[in-house]
Each structure stands twice: as structure tokens, then as C-alpha cells.
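Here's the structure, in C-alpha cells; my notes come after.
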Amino acid sequence: MEPSKKTQHRGTFECELCGLKAPYSYYGQKPPNPYSVAMEFSLPSLLEESYVMKDPFTSDKDKFLILGSRCNLCRKCVCVGTECSLFYSKRFCLPCVNLHLKEFPLEIKQDLEKKTHSKSQSSKTKDSKKS
1 MEPSKKTQHR GTFECELCGL KAPYSYYGQK PPNPYSVAME FSLPSLLEES YVMKDPFTSD
61 KDKFLILGSR CNLCRKCVCV GTECSLFYSK RFCLPCVNLH LKEFPLEIKQ DLEKKTHSKS
121 QSSKTKDSKK S
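Here UniProt numbering is used: the first residue of the sequence shown is 1, the next is one more, and so on.
As C-alpha cells, then:
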């Protein structure tokens with residue numbers, strides 16, 4: 001593959017939950033340089049088929065960011081943001097996690113409860129500042 005084609009825009013990734021849109025250059029488990037994406041894990045490939053883009057925050061053309069993937073249950077396209085999805089051996093959107101919460105380990109349930117609690121606390125704080 002030619003170097004210029006490595007990071008060529010292939011389409012636009014859009015999270016079906018939050019609406020995040022970004023151009024992606026690759027979809028799959030083995031980006032052109034997988035070590036630049038998963039370097040900290042020393043993986044030759046990604047753990048899931050992912051939408052990947054060139055990292056806009058570095059001049060290193062071999063660095064990539066993972067934008068998102070498809071939910072393993074409903075197949076919606078979701079970003080990796082903690083408000084939209086989680087990765088537990090596979091990618092799951094939070095609506096599916098909540099629907100199937102009994103099937104996830106206790107740690108996942110506790111993490112979601114903490115998120116929900118902290119989110120409700122922050123919205124109460126915002127509301128009190130408006131008054």
C-alpha cells in the first residue's frame with residue numbers, strides 16, 4: 001500500500017448515540033500500523049473491528065486514534081466515549097448494557113452506578129448555580 005493511501009479519508013464515522021462525527025481512514029482490526037494504535041498493549045492488532053483515524057494532534061503520520069466500533073448486540077455505531085459505550089471483551093453501547101445488566105460482572109454494574117450517581121450530582125450542582 002502506498003504511504004499516501006495509508007491515511008486517506010475513507011468515510012465519516014458517526015456515533016449513533018452522541019452524534020460525534022469524524023473522518024476515518026480505516027475500519028477493521030489491523031490498521032496500517034497497529035503498533036502505533038495499541039503500542040501500550042503491545043498488540044499486533046486491535047481487539048475489535050474499529051473505526052480509526054490519523055491522530056490530528058501529532059505530526060507523526062503513523063499515529064492513529066480509535067474513534068469507535070459497532071455494538072456487539074444491536075450493531076449501532078458508537079464512539080469509545082464513556083457516555084456512549086464500554087469495552088468488556090467486546091464493544092457494547094450503554095443502552096444495551098443497561099438492558100442486559102444482569103449479564104455483566106458486578107464491577108461493571110458498580111461503575112455504571114457511580115457514573116449515574118456522579119452525573120445526577122453534577123446536574124444538581126448546575127441547577128443550583130442557575131438559581
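Virtual Cβ for every residue (Gly too), placed ideally from N, Cα, C.
In this structure, Tyr26 lies near Pro32, with their beta-carbon atoms less than 8 angstroms apart. Between Glu49 and Gln29, the C-beta spacing is below 8 angstroms. Taking every protein chain shown into account, the CB of Ser59 has fewer than 16 other CB atoms within 10 angstroms, so this residue is exposed. Glu107 and Glu113 have their C-alpha atoms spaced approximately 10 angstroms apart.
From the listed residues Lys61, Pro56, Val80, Lys63, the smallest Cα separation to Ser69 is found for Val80. Listed as beta-bridge partners of Lys21 by DSSP are Glu14.
Inter-residue distance for Gly11 and Asp62 is about 19 angstroms (C-alpha atoms, whole angstroms).
Between Cys93 and Lys76, the C-beta gap is smaller than 8 angstroms, which places the two residues in contact.
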